[in-house]
Each structure stands twice: as structure tokens, then as C-alpha cells.
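Residue numbers (my numbering), protein chains in the order written: chain A, 801 to 1205; chain B, 801 to 1205.
Here is the structure we will look at.
2 protein chains.
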Amino acid sequence: MPVNLSVPVAAELLPVAGVKLGTAAASIKRPNHKDLLLIQLDDGATVAGVFTSNRFCAAPVTVAREHLASGKGIKALVVNTGNANAGTGEQGMAAARATCAELARLLGCTPEQVLPFSTGVIMEPLPLAKIVAGLPQAIAGLKADNWFDAAHAIMTTDIVAKAVSKQVQIGGKTVTVTGMSKGSGMIHPNMATMLGYIATDAAVAQPLLQQMVKQAADASFNCITVDGDTSTNDALMLIATGGSGVQVDAANSAQLQAAISEVAVLLAQAIVRDGEGATKFITIRVEGGRDLAECRQIGYAIAHSPLVKTAFFASDPNLGRILAAIGYAGVADLDVAGLSLYLDDVLVAEQGGRAASYREEDGQRVMQQSDITIRVVLGRGIASATLWTCDFSYDYVKINASYRS
Amino acid sequence: MPVNLSVPVAAELLPVAGVKLGTAAASIKRPNHKDLLLIQLDDGATVAGVFTSNRFCAAPVTVAREHLASGKGIKALVVNTGNANAGTGEQGMAAARATCAELARLLGCTPEQVLPFSTGVIMEPLPLAKIVAGLPQAIAGLKADNWFDAAHAIMTTDIVAKAVSKQVQIGGKTVTVTGMSKGSGMIHPNMATMLGYIATDAAVAQPLLQQMVKQAADASFNCITVDGDTSTNDALMLIATGGSGVQVDAANSAQLQAAISEVAVLLAQAIVRDGEGATKFITIRVEGGRDLAECRQIGYAIAHSPLVKTAFFASDPNLGRILAAIGYAGVADLDVAGLSLYLDDVLVAEQGGRAASYREEDGQRVMQQSDITIRVVLGRGIASATLWTCDFSYDYVKINASYRS
């Protein structure tokens, strides 16, 4: 079950002027199940995005990158679940392009003005006809107050839909930021993917918007891991419609950046809280490093260790496993005698061994919690990094061993 | 249960002239259980070793490195299970040194002539008094024909003991190589460690012996992974006694190297076959790479992917997961359209997608086997690498979540 994660309240998801959303049940993988989402943008909206670094990136990722780069004003984003259209070769590229062409025809724009996204099973042909047949239903349902429904339509093995809104005051006017995400592992079982969509009614020129989405991603989706697998389809898109009448440029972008990053962090954390088989939400904070890279390197070594993750599942304060992960993280000149390890506020280890003050029952108490912070103080600099992950349970194996069967 | 791995036959484990082994039940972790091993070497033996790269290396690893570097002739190796003496700070160093000092006193040599090894729980104080008390029993039991017993004394969560012998003819004389190993993950649950000991009765000068152990390790223990965790205590030691009267130098070392590497490969594979919760033994062969590094990088991405490993556990030919792992392995300019993926002899993917000839039932048939080869042909060079790993089962989580409780 998701760890301290509630279903979003529909009334708290604020429409973003200039964005309409429509869904459809296209029977892509199973019938009577919403599996298609259309996001339509008013003229003048700008769109920026960051995509997976996986070399086996999915066809829609390639096409979306191309269309974004074409510089045409984006009019629509279309997302299907149930099939990732990844590892599908030339046929997959053709299917992604055909989806854009058909939607462009229906909306009266060019194919380059459409961005396609897919999530689901890898290496199976995209059922193009079903998607094409579902588009009119999605168009018919387009409305601004539809984020709740949209967040549900992009779910795959997610147990809980993920969406959140924030408002900030900029120049005396209210600017809204609403976002949604899906994913329950960096890769899903064989469902590929993390997807995130954040929209604001501020007006932001595309180059600045691209910087803002990169910064938001680095502070959020690039700080989480469930299983260390990087999906073929990951994408985070940021849309700025200008519908609020508020112009944001480099000089006054701080507040909007903060709101967008906050939304991104909540959406990213929601993916971990809903991680496959998760029973614990673990914050890993590495402080006192020489640079960000070594802090992240140590953080990810801890976050990816199956031994650390199974110990947290068992609520077993078997904390030597964390020391071992720090030790093999690959920071070559790390002096292990100089670091300290905390579990929440409990000092566990220092001077290369167990802290004299450490008592097993204190470790045990923290391990029983559902939200836990591991803090590593390296004592060799001023850099720090925070990552979020979950534990590793029987259910992770169950979900991933049995999904397709 | 171990995958296609039999208990060694005692009579097939050949003594190595110049090596005696003795064991004891020292009640380090539980009573009436052999947990202490002494390996005594005749004068003139040379010893070489490779050790863990973990920065949190255990106290005995630090002491063994120091003693090897001192250049004194090594007279004895002492191994305890039940406690890793890792993450134990200054107290742990003192305990490792005291073990050597006491054994040196009993054997009439200097402490620098003793190499200590420990495996077991991390971050708990070494019960020095129990080890000291157990040494006389181990000394009393010293004999040459004792590898079977010795291989059992170093087991922790291993289900099956691991030992093997080979003989080669060099210059018309018979040279024996006998080795043993322990480990059932790169790290054990919270038992740390892979340990390997190989002895030959050839005479080999220490600098050459060090080259030979490095070469053997690179072809064996450095090609396996169970869970990606690198232990704090890993060590592979190579002993050359000269007891056969055969002198081996750089000019005639090829045969002996081959025998040592073959023993090392069998011992390393045995660790994977006995991997925690393993039900499948998986050989990953990456061919046609530009260099060894990229072949290993791709091989380890596959071998470490929890999604790939759970699919093998389920015998589910969900092979897009392998493509995804290849894609995120970090080979930046990899052209995925140029590679081919095989499962045993079945061509699964080529030209960036599923092979036209691929039939699910063929993949399914191979996935049902207990020994499976994944072959990736990169088509961009002549380098290749072979790794060995196992699948990821409920029992892995069970073993690691419940070990200490």
C-alpha cells in the first residue's frame, strides 16, 4: 500500500487557464478503463520538457523531442497507457507519427504541434487503430476542470493517482501551478515509466521554461529511485499558457520556480510513496561532501542497495549495511573514520564504527516508522544532496515476477 | 536451493603439499558449529591476494594487507565466521591484531606472518576471547587432507560448501591446485562476504603470484554478482608452497595460470549458483563491443536490474526489460538499432525491436531452464565480456529481511 499518500481531492486540483484535458477508454490493454489522455493548449502556450537518458528510448520520446525542437507552437499532448511503444523499431516510429497526424487532423493543426507519450509494456506493437478510434471521445470530453480524471487516465500499476496544485502571487496577481504524475518505479514492472505534466497560467518564453523544467526535474524526479531502473519512456513536461496575464521572465522567475519545483517534488515523492511494494518512505540526506556529485553517489549507493532496502522492509536496524553501501559507493579517498550516520536523530555510527551512545532499541524505534530519514554527514565539505526511495518487499518481487503472467 | 551445484566429494579434494588445515567450534555466533579455520603453511610458501575495494573495509582486511606487504614469509591464515569485524573502528583493529599475536605465539612465528579474515555480521565487536580460546583446537586438528572440513568451516548462509581440485603436468611433474570459497551474495544478508582460498604446490615467487591471483580474480570473482553489493570483507588468496618441487616462473606459467583460473571460475560460479534465493543461473555474454569496459558496463546493467532478475525468476520472457537495461547502461553513443539480443540460441531482438522470427514460445522454453545464457551482440567492435548472475526471488527478500530477526 502507498506510504502516507492520499488520493488527491478533486476540488483541490485547480484548472490552469489555457489548458483543457479529455480522457477516453480506448481498450488498449483492457476494456472499460480510461487509458488515453489528451491535453489541449490554447494558442500562445509554451512547452518545455526533459526526457529519459535511456538509449533505448521509446518512439514517442524521439518524436516528442523532434516536435519540441521544431519550434512550432504546441497545441496538444496525447498520452496512452497499456503500451510503451518502446523497443519497437521503425514500426513504432511510424505509429507514433501516425498518432500525431491523426490528432492534428482532428484538431486542425500540424503534426509537429502534437507531442505523443506512451507508457506500458515494452517491445510490443502499439495498437494504433485503437488509439485513433479513441481520440474523438477524448476530444469530446475536453474541459479545464478535469485534472482529477486526467491523473487517473495515465495510471498503470499506480495504486493512487498523483496530482497537486499550488498558487503564488506574482506582481499582485495569482498564478496557478497544477501538475500530475504517474509511475511506481523508475521502470514499472514491464510497464515502462515515469510521466509528469505540470502546467502554469503564467506566460514564460520557451528558453526560460526549458531552464525551469530542468531545475524542477533536478530537484525532484532526478532525486528519486525505486529500483534503479531508468525507464525507456520517462518524461517531465512543463506548460506555460499565459492565461493569468502574468508575464514571468528571468528577473522575476524565483517565485514561480519555487512553486513549480514544489509541485514537482510532491509529484516525485508520490511516485516513491506509491513505489512497487513499498511499505516505507525513506529520505536519504548526505551532507558535508566536497561536491554534489559525491553526495548523490553515496546517496544512490544506499538507495539502490537491496540489502539496505530489505532491512528497512524488515524494520531491522541492521545498519552496518548502510556503512557497507557508503564504502562501495566509489568515492575513492573517503575517510570512513570521519563520517557520521544518523537514523532520524539517532547517532548510529561515527569514527569508523558504532557510536558509543547508540542503543539498538533507539534504532529499532525509528525503523518501525513509515517515514524515515537516513542522514550521512561526511565531514569533508559543504555540499549536500537529498534523495527519496522506498524499501524492498516481497510484494516488489511479486508484482514484477507476476505482472505479465 | 542451489542451482545445479553439488556438494564437493571429499575424496576428490586433493591435499596440497605444504598446506595443513584445522578447524574449531569456537561458539562465535552459535554453539557446536565449526566457525574457525586455520591454514598453516610450510616454510618457503609464497602468498598473494586481492581484497575488497570497499572503503569501509573490515579490520582484518587492513591487517592482512599490511602483513602481506611486510614481506615476511606467511605462516598461517586464520578465518572466523559469525562476525565480520567490519565497521568496528579502532577496537576492531586491535582485535584483529590480537588474533594474529595470539596465533603467532602458539605457532612460534611473528604476528606479521599471520593473515586474519572474518566474515559475518557488520558493526558488532569481534568476540576475541572466543576466537583465542578456539585456536588450540584448530591447531590440534591440523592436517593436509582436510579441505572438505575446511570448506564447511567457512560457510555462513551458504547452503552448499564450495571446493574443487585440478592437476596439471608441468615439466613432466604433477602440480596440484585446490581451492575453496564461501559466499552467497556479493554481500551476505548482514553476513559480509566472499572469501576464496586457492593453494598450489608449485613454487612461485611472490610478485608473479600476485599477477596470477589478479588475473584469476579478474576472470572469475570479478565477473559475478548476486545483488550488486560489494562486501566489506571480500578477499581471494593464492598460496604457492613449492611442495611439488616444480618451479614456475613467467616463462612457464601459462598452464598453472589456466588451472588456477579454472578453479577460481568454478568457485566463483558456485557462489552464484548458491546465491541467496537463486533459482536460475544466468550467463551474460556481451560481444562485439569497442572495449572490455563497455561490454562489462552493459553486462552489469542487465545483471543488476531487479526487473530483469524478477522476470527470470518468473520464467517470463519479458525481454524488453533487457533492452531497457542495455539502454540505460550508460554507453552514450550506443546505436540500439545495431545490436542483437539472444536468449540461448533464440534471436529475440534486432534493429531496435523484436526480431521478426521471434516467437514467444521459443523465449518461454529457454526461460524455463535453470541455466540460461543472455547474449548481446553490439556489432561495433571485437571486445567481449562474460558475467554470471542469478535471478531474484521471494527467498532473496525473505533471507535478507529476516536474517537477524
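Glycine included, every Cβ here is placed at the ideal spot set by N, Cα and C.
The CB of Q1151 (chain A) comes closer than 8 Å to the CB of G889 and E890 in chain B, given here in chain order. Using a CB distance below 8 Å, the part of the segment 1090-1111 of chain B facing chain A consists of H1104, S1105, P1106, L1107, T1110 and A1111, ordered along the chain. Inclusion of G873 (chain A) and Q937 (chain A) in the CB contact set at 8 Å is not warranted, their separation being larger than that value.
Runs of the alpha helix (DSSP H) spanning 4 or more residues and lying entirely within the segment 827-890 of chain A occur at 859-869, in chain order.
Separation of L1107 (chain A) and M955 (chain B) (C-alpha to C-alpha, rounded to the nearest whole angstrom) is 19 Å. Under DSSP, C1190 (chain A) takes part in a beta bridge, and its partners are A:F1081. Unbroken alpha helix (DSSP H) stretches of 4 residues or longer found wholly inside the segment 944-1028 of chain A: 947-953 and 1006-1018, given in chain order.
In terms of Cα proximity to V879 (chain B), the closest of B:E866, B:L868, B:V861 and B:S870 is B:V861. Under the 8 Å criterion on CB atoms, S1193 (chain B) is classed as interfacial with respect to chain A. T881 (chain A) and I931 (chain A) do not touch by the CB rule: their CB atoms are close to 11 Å apart, not below 8 Å. A distance below 7 Å between beta-carbons, with the five flanking residues on each side excluded, links T846 (chain B) to the following residues of its chain, in chain order: V1004, A1005, Q1006, L1009 and A1040.
Look at A1132 (chain B) here: in three-state DSSP terms it is coil, with no helix or strand label. Under the DSSP definition of a beta bridge, L1141 (chain B) partners with B:A1149 and B:V1176. Nearest Cα to G996 (chain B) within the set B:T1079, B:Q1055 and B:L877: B:L877. Within the DSSP bridge table, the entry for S918 (chain B) names B:N880 as partners. Beta bridge pairing from DSSP links R1090 (chain A) with no other residue. The alpha-carbon of G871 (chain B) is positioned some 25 Å away from that of A886 (chain B). Judged by beta-carbon spacing, L942 (chain B) lies within the 8 Å limit of K820 (chain B), meaning their Cβ atoms are closer than that value. For the segment 1127-1146 of chain A, the beta-carbon criterion of a distance under 9 Å to any beta-carbon of chain B is satisfied by G1127, Y1128, A1129, G1130, V1131, A1132, D1133, L1134, D1135, V1136 and A1137. Minimum Cα-Cα distance from G1152 (chain B) among the listed residues B:S1140, B:K973 and B:L1056 corresponds to B:S1140. Here the segment 960-971 of chain B makes contact with the segment 802-817 of chain B; the two share three or more CB pairs at distances below 8 Å. For A1040 (chain B), there is no enclosing alpha helix (DSSP H); the residue is found in the beta strand (DSSP E) stretching over A1035 to A1040. Residue burial is scored here from C-beta neighbours: L1092 (chain B) has fewer than 16 other C-beta atoms within 10 angstroms and is therefore classed as exposed. Listed in chain order, the non-local C-beta contacts of G920 (chain A) below 6 Å within the same chain comprise T881, G882, N883, A884 and M991, local neighbours out to five positions each way being set aside. With respect to L1036 (chain B), V1013 (chain B) sits close: the two C-beta atoms are nearer than 8 Å. Per DSSP, the beta bridge partners of V1048 (chain B) are B:V1004.
Chain-order list of chain A residues neighbouring V1063 (chain B): empty, with the shortest C-beta distance near 26 Å, by a criterion of under 7 Å. In this structure, G1043 (chain A) lies near D1001 (chain A), with their beta-carbon atoms less than 8 Å apart. Residue range V819 to A824 is occupied by the beta strand (DSSP E) that includes V819 (chain A), with no alpha helix (DSSP H) assigned at that position. Contact note: L1119 (chain B) reaches chain A through M923, using a C-beta cutoff of 8 Å and chain order. Between L836 (chain A) and A953 (chain A), the gap from beta carbon to beta carbon is short of 8 Å.
In this structure, DSSP gives D1162 (chain B) a helical state, which the three-state scheme calls helix. Of all residues in the segment 828-858 of chain A, only T852, S853, N854, R855, F856 and C857 come within less than 9 Å of chain B when Cβ atoms are compared, listed by chain position.
Interface flag for A1124 (chain B) against chain A is set, since a Cβ pair is found closer than 8 Å.
Nearest to T1032 (chain A) by alpha-carbon distance, out of A:F851, A:Q1164 and A:C857, is A:C857.
The straight-line gap separating the alpha-carbon atoms of T1083 (chain B) and D1191 (chain B) is approximately 11 Å.
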